[in-house]
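Those protein sequence lines, which keep their order, are chains A and B.
In terms of full-length UniProt numbering, the first sequence has 39 at position 39, counting the first letter as 1, and numbering is strictly consecutive.
In terms of full-length UniProt numbering, the second sequence has 332 at position 332, counting the first letter as 1, and numbering is strictly consecutive.
Virtual Cβ for every residue (Gly too), placed ideally from N, Cα, C.
Have a look at the structure below, then the notes.
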Amino acid sequence: MQLQVTNSPFTEEQIALLNRLLPTLTPAQKLWLSGYLAAAEAAVAVLDAEAPALFAGSSKPVSKEVTVLYGSQTGNAQKLAEKAGKALKERGFEAKVLSMLDFKPNELKKVETLLVVVSTHGEGDPPDNAVSFYEFLHSKRAPKLNHLRFSVLALGDTSYEQFCQTGKDFDKRLEELGGTRFYPRVDCDVDYEEAAAKWLDGVLGELSKEANANAGAAPLLSAVAAAPKAEPVAVYSRKNPFPAEVLENINLNGRGSNKETRHLELSLEGSGLKYEPGDALGIFPKNDPELVDLVIQEMKWNPEETVTIDKDGEVRSLKEALTSHFEITVLTKALLQKLAPLSKNSALQELVAPGNEAKLKEYAKGRDLLDALRDFGPWDAAPQQIISILRKMPPRLYSIASSLAAYPDEVHLTIGAVRYESHGRLRKGVCSTFCAERIQIGDTLPVFVQPNPNFKLPKDPDTPIIMIGPGTGVAPFRAFMQEREATGANGKSWLFFGDQHFMTDFLYQTEWLAWLKSGVLTRMDVAFSRDTERKVYVQHRMQERSKELFGWLEEGAVVYVCGDKQHMARDVHQTLIEIIEKEGGMSREQAEAYVTEMQKQKRYQRDVY
Amino acid sequence: MAKVELKAPEGPPSDVERIKRESRYLRGTLAETMEDPLSAGIPDDDNRLMKFHGSYLQDDRDVRTERQKQKLEPAYQFMIRVRTPGGVATPEQWLVMDELARKYANGTLKLTTRQAFQLHGVLKWNVKKTMQAINGALMTTLAACGDVNRNVMCNPNPYQSEVHAEVYEWAKLISDHLLPRTRAYYEIWLDDEKVAGTPQVDGEEEPIYGPTYLPRKFKIGIAVPPSNDVDVFSQDIGLIAIVEDGKLAGFNVAIGGGMGMTHGDKTTYPQLAKVIGFCKPDQVVEVAEKIMTIQRDYGNRSSRKHARFKYTVDRLGLETVKEELERRLGWKLGEARPYHFEHTGDRYGWVEGVNGTWHFTLFVEGGRVKDYDDYKLMTGLREIAKVHTGDFRLTANQNLIIANVTSEKKPEIEALIAEYGLTDGRRYTALRRNALACVALPTCGLAMAEAERYLPKLLDKIEEMIDENGLRDDEITIRMTGCPNGCARHVLAEIAFVGKAVGKYNMYLGAAFNGTRLGKLYRENIGEEEILRELRVLLSRYAKERLDGEHFGDFVIRVGIVKEVTDGTNFHD
């Protein structure tokens, strides 16, 4: 957006300078600048932030850890990767052999030595299990890999035009990201055995040479100094939200689902913002431009007319004000009362008259500003008069679905898109459909962290946890699992999840399956309400497992409930009491006291909405 | 001739051998993993075993990478194959399959190239219910896939009904005799009581197969000349019915055929079965069993792509295998009798059988029975099944015969055929009537390219050239598979396409119209544009230069477009 005198607090001269500079800045530079300015204002010196000390001569020795990643369609690449892993182990290396699908891209920053064995599928495409890693590496999110040394073995078939293309792509990209190719790539045809063996010998030779040299003397790879980086102190807040770049925005629901649940990944790089699992993130959304246009058309306003948006006299165009600064999707009793003096419509006067509160409430339900403007004209009001009575756009809070320990500088959200029909018009949740329909990768969202001290993992990493989170309520538990995995916590964990359909609505399914396999998640029960004739919900699964569940409670497990307040949380609460009553041989009162005691000990925490 | 030592190839057993050995006669952990509510799939080891139960775990590949991004597991679903020896099903069985297809599968029925039914898209939670309904209709899925003898094929030729009935009985006997005997199938799917304790002695539960079954799949088919619709030479055991004086005299026995190969690996190749002798009808079950046990004992259990019987025969030599067979039989095969094959396709439309019954052969494109927008094939067949008193026969060319229609019933069936516009294929070119395609994308895990979904569209374009050259009624066989494993017996078609990558095919030419000669690689890795360009030239030349009655496959060899393949071992030369 071009800065103007009308939409900014700058002078014309300043604006000319800024408009010359701003378009030339990269997103990273913009981020840095915003952080810098914010920090500078807080009188914190950031420019001269000390560069991290260089540990000349004392850099840590080259690790004996080698990660072997494979992307395989027919199993050949996998076989070769496993063979390489075996050979490495025989020579005293610690080899980790993983499919690219099972490898967490955020681990890449920690890898020092990487072997890639990958085939090319079809017309130069990566094999299925390499697609996501391939895309990650080729995306903007790929980290700098100055610390990495690598070698690629490419499998292919010379009868195809794009011979070994995927291997070539990996080889090139790893170098672009700063990696050092310690042994040249080898491309194999269908009779790959010989060429692959040669590559493996070469790789082993190089690595052994380095290991030997390293044993006696200085490390081979010099420590790469991180570029001196200004770390602004967190000055971002609800009042001054951080413009977080959107790194990923995907629909978690498969084709044919009734639902749309967005998974957003945002960058916090340079913001200084910190959060803990269980905290929430606030987003300032924008209204649906179509709805804004309808309001403007209804009132026959000029969208470019300038209005003042706050006490400090900030001005915006009417359209911008309605889009970004005011709430127009909720009709309250207060708003109707404030609207009443601006119209002579008798129906409105009657509605707000004393004694008609029930009617007023009934009318406001499921309607918005546009309904009121349409129903109660003609209006005798300048745009500014309407703007002045609107409520400031409130931020929406979402339980954070990631852990900084697993994704430094990122925050992930799980947002269910809200859409419903009411009074003959499709209504949309402001923030959820803003994220679902109008936010692209590369855009920024104004965000802030909203701590939630009442929804926290137990201090003791050995404490068992029971997590109940159907639908988007599962978000904080993804953060919990990431945190427990990253910190190596040993406590047992049990997740209850539910949604409509197994095939399309099993949010984060592959991640839970991976955590179950690795043991980070101990057990999981699922309830898909619309797959069976009788609707099954999480509380039914809890009942089916009541004995074990009570056993966990007796062991001191902490119970977490997240999600729908009206039905789910209430049913789960009742079920919990029933389970304690039944399995603990208690009276209803005793069971209720048991739960109250759990609450006092912070062993029953809820984040419901 | 130096005596060949009979032994299996050296080498460590393949992983599948371990899975079979440890499976306790095909049980594995299937009973538990089929119940796991967190995944719609099952682990690889169990999927290997699942095949023996007649089902594969597949996934909808159209959405595979999309779902991966969405953090959802692949859209797992099961293919369930129903074993129908000789492709014969009663109207009641048809109605059961029709209902299952709509209730638990993707709303369609696939008639396979081996005369079996396939359901696609069955979710894990519905597999058991589907299996139970199939068995409830006196059909089975046992050994429809896996390293065992598969569905026994048999010519459903209605021209010689009395012989057909007899040949069909032998096909059924062979099929039943070579079924696995394990109780695992009944325990897992039909809730039969577990046999107390798994037998400890190897072989006790499987007297023919033993605990590791066969090294690879094993296929048997019976042809009744002059029709070679079952592609008898593509089978591990091909039996050629010898009819003398209107009676079944016995079978010529051919061994060692198979279609599968691996792209780029010349040690793998398609091969045709070779005739080694003759046996009487009542000897045929024993002959089949003994041949199969030779493969059981000497087949390659180390490398699965070299494990088919054809490689065993080529390695040991035809004569050696024949001697070993006669040693196991304790008697010698007779001299092979003369026979003559004319074609591999089906004869469409109404024909009269014996005893005043009638048969209608219906053209089913790609073997896919479903309701199209403008062609209610599935509904039409359902309505026919409701009134039909004869039977249905699935042909080896993925078509369907409404068989044994009485003269009294014929008008009623004819009326339904007319009402639903069910076609005998006459409105299509002879080329389309002689087309075969395997399932391929999106469900088959092996497919590298489209087949069933694409061939009809390609044919639309080829048919224009066919018309330009006046070849509308000239029968030419054309087949397409998504990979070189050859479920549609690709290299036996005069024009064959084998998938290499999405949109790219290897093109083979020169197979014999009657299924007695393999095709030869003509162009590698070509897309639609090149396919059409090549065919434009080839079809035009064929129309102008062919000899009287000369088939396309013979023509391309005579004029030197491709070299003749005389044996699978020179397929790659």
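Original post:
What does R255 of chain A reach in chain B if we use C-beta pairs closer than 7 Å?
Top reply: V63
Subject >> Proximal chain B residues relative to A122 of chain A, where beta-carbon distance stays under 9 Å >> reply: Ala is not the amino acid found at residue 122 of chain A; the sequence shown has Gly there. By Cβ distance, chain B contributes M448, A449, K500, A501, V502, G503 and K504.
Original post:
Can you pull the DSSP bridge partners for R396 of chain A?
Top reply: A:I283
**OP:** Could you pull out every unbroken alpha helix (DSSP H) segment of at least 4 residues lying fully inside the stretch 100-158 of chain B, listed in chain order?
**Re:** 124-136
**OP:** Measure the C-alpha to C-alpha separation of A8 of chain B and Q295 of chain B and round it to an integer number of angstroms.
**Re:** 9 Å
Original post:
Looking at A336 of chain B and G257 of chain B, is the spacing between their C-beta atoms short of 7 Å?
Top reply: no
Original post:
Exposed or buried, G299 of chain B, counting other C-beta atoms within 10 Å across all chains shown (16 or more means buried)?
Top reply: buried
Original post:
Mind pulling the chain A residues with CB within less than 8 Å of A75 of chain B?
Top reply: G254 and M503
**OP:** Given a cut-off of 7 Å, decide if G510 of chain B and G499 of chain B are closer than it, judged by their beta-carbon atoms.
**Re:** no
Original post:
Between V63 of chain B and D128 of chain A, what straight-line distance do the alpha-carbon atoms span, to the nearest angstrom?
Top reply: 11 Å
Original post:
Mind checking if G256 of chain B is an interface residue toward chain A, Cβ cutoff 7 Å exclusive?
Top reply: no
**OP:** Flag I283 of chain A as yes if its beta-carbon sits less than 7 Å from any beta-carbon of chain B, otherwise no.
**Re:** no
**OP:** Closer than 8 Å by C-beta to H540 of chain A: which residues in its own chain qualify, once you throw out the five before and the five after it? Chain order, please.
**Re:** A527
Original post:
Are residue 576 of chain B and Y420 of chain B closer than 7 Å when you measure CB to CB?
Top reply: Not covered by the structure: residue 576 of chain B. The range shown for chain B is 1 to 573.
Subject >> Exposure of T11 of chain A, with buried meaning 16 or more beta-carbon neighbours within 10 Å >> reply: exposed
Original post:
Exposed or buried, E464 of chain B, counting other C-beta atoms within 10 Å across all chains shown (16 or more means buried)?
Top reply: exposed
Original post:
Since M448 of chain B is in the alpha helix (DSSP H), which residue starts that stretch and which ends it?
Top reply: Per DSSP, M448 of chain B belongs to no alpha helix (DSSP H) and is neither H nor E.
Original post:
Does E342 of chain B get closer than 7 Å to chain A when you measure Cβ to Cβ?
Top reply: no
Subject >> Inter-residue Cα distance where the pair is Y609 of chain A and A353 of chain A >> reply: 33 Å
**OP:** Check whether the stretch 247-255 of chain B touches the stretch 319-336 of chain B, counting contact only when three or more Cβ pairs, one atom from each stretch, lie closer than 8 Å.
**Re:** yes
**OP:** Please go through the same chain and pick out, in chain order, the residues whose beta-carbon is closer than 6 Å to the beta-carbon of V418 of chain A, but skip the five residues on each side of it.
**Re:** G429 and S432
Subject >> Beta-carbon proximity list for A406 of chain A, same chain, < 6 Å, skipping 5 on both sides >> reply: Q482 and A486
**OP:** Pull up the distance between the alpha-carbon of I240 of chain B and that of S151 of chain A, whole angstroms please.
**Re:** 57 Å
Subject >> Local Cβ density within 10 Å of N485 of chain B, reported as buried at 16 or more and exposed below that >> reply: buried
**OP:** Can you tell me which of the three DSSP states P85 of chain B falls into?
**Re:** helix
Original post:
In chain order, which continuous runs of the alpha helix (DSSP H) of length 4 or greater are located wholly inside the stretch 330-388 of chain A?
Top reply: 333-339, 346-352, 357-364 and 369-375
Subject >> Extent of the continuous beta strand (DSSP E) to which P446 of chain A belongs >> reply: T444 to Q450
**OP:** Report the rounded CA-to-CA distance for V82 of chain B versus E10 of chain B, giving the unit in angstroms.
**Re:** 35 Å
Original post:
Is it true that the stretch 93-113 of chain B meets the stretch 26-39 of chain B, where meeting means three or more beta-carbon pairs spaced less than 8 Å apart?
Top reply: no
**OP:** Any chance you could list the alpha helix (DSSP H) runs of at least 4 consecutive residues sitting entirely within the stretch 396-447 of chain B, in chain order?
**Re:** 410-419 and 430-433
Subject >> Nonlocal neighbours in the same chain, by C-beta distance under 7 Å from T212 of chain B, ignoring five residues either side >> reply: E17, K20 and R21
Original post:
Which ranges does the beta strand (DSSP E) cover as unbroken runs of at least 3 residues, wholly within the stretch 266-309 of chain B, from first to last along the chain?
Top reply: 274-279
Subject >> CA-to-CA distance, K89 of chain A to K198 of chain A, given in whole angstroms >> reply: 18 Å
**OP:** Give a yes or no on contact between the stretch 395-404 of chain A and the stretch 333-352 of chain A, applying the rule of three or more CB pairs nearer than 8 Å.
**Re:** no
Original post:
For V537 of chain B, does the count of other Cβ atoms within 10 angstroms reach 16, so buried, or fall short, so exposed?
Top reply: exposed
Original post:
Closer than 7 Å, CB to CB, is E524 of chain B near chain A or not?
Top reply: yes
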